[in-house]
Amino acid sequence: VQLQACGGGLVQAGESLRLSCVASGNVLSLQAIGWYRQAPGKQRELVADVNSGGYTNYLDSVKGRFTISRDNAKNTVYLQMNSLKPEDTGVYYCHGATSVVGREYWGQGTLVTVSS
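In the working numbering, the protein residues as written are 15 to 130.
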């Protein structure tokens, strides 16, 4: 499975961005796909994901501001980020999880910078 992420950029606080992640290869093997982020000096954290049943999961600090969605026909997952805050700054990574322990996939990171 290959994951291609895009959509990052520099915005001001309160503005919006949409990230996209296109999956290719054996996408049927993915049980869930989502987004992690890593801020400078901090650990990588799960921001949001959606599983094959459509169930979504969000980091508490982004609930109500971020929305994850998937377009199965395009093998694409989106992360709509509204009301961005400086603390949302970081490198965002697309992630694919499978049912096999230890088998997961990462896309390249895309940088999101939110200025105050």
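Beta carbons are placed, not taken as given, at the ideal position from N, Cα and C, and that holds for glycine.
- In the assembly as shown, residue 64 is a buried residue. Its beta-carbon has 16 or more other beta-carbons within 10 Å.
- Judged by DSSP in its simplified three-state form, residue 42 adopts helix.
- Shown here, residue 101 sits in a helix according to DSSP, grouped into three states.
- Counting along the chain, residue 129 sits inside the beta strand (DSSP E) bounded by residues 124-129.
- Between residue 27 and residue 38, the alpha-carbon positions lie close to 33 Å from each other.
- One Cα belongs to residue 29, the other to residue 110, and the distance between them is close to 27 Å.
- Here residue 75 carries a helix assignment [DSSP, helix/strand/coil].
- For residue 69, no beta strand (DSSP E) run applies, since DSSP gives it neither H nor E.
- The Cβ neighbour count for residue 23, taken over all protein chains shown within 10 Å, is under 16; the residue is labelled exposed.
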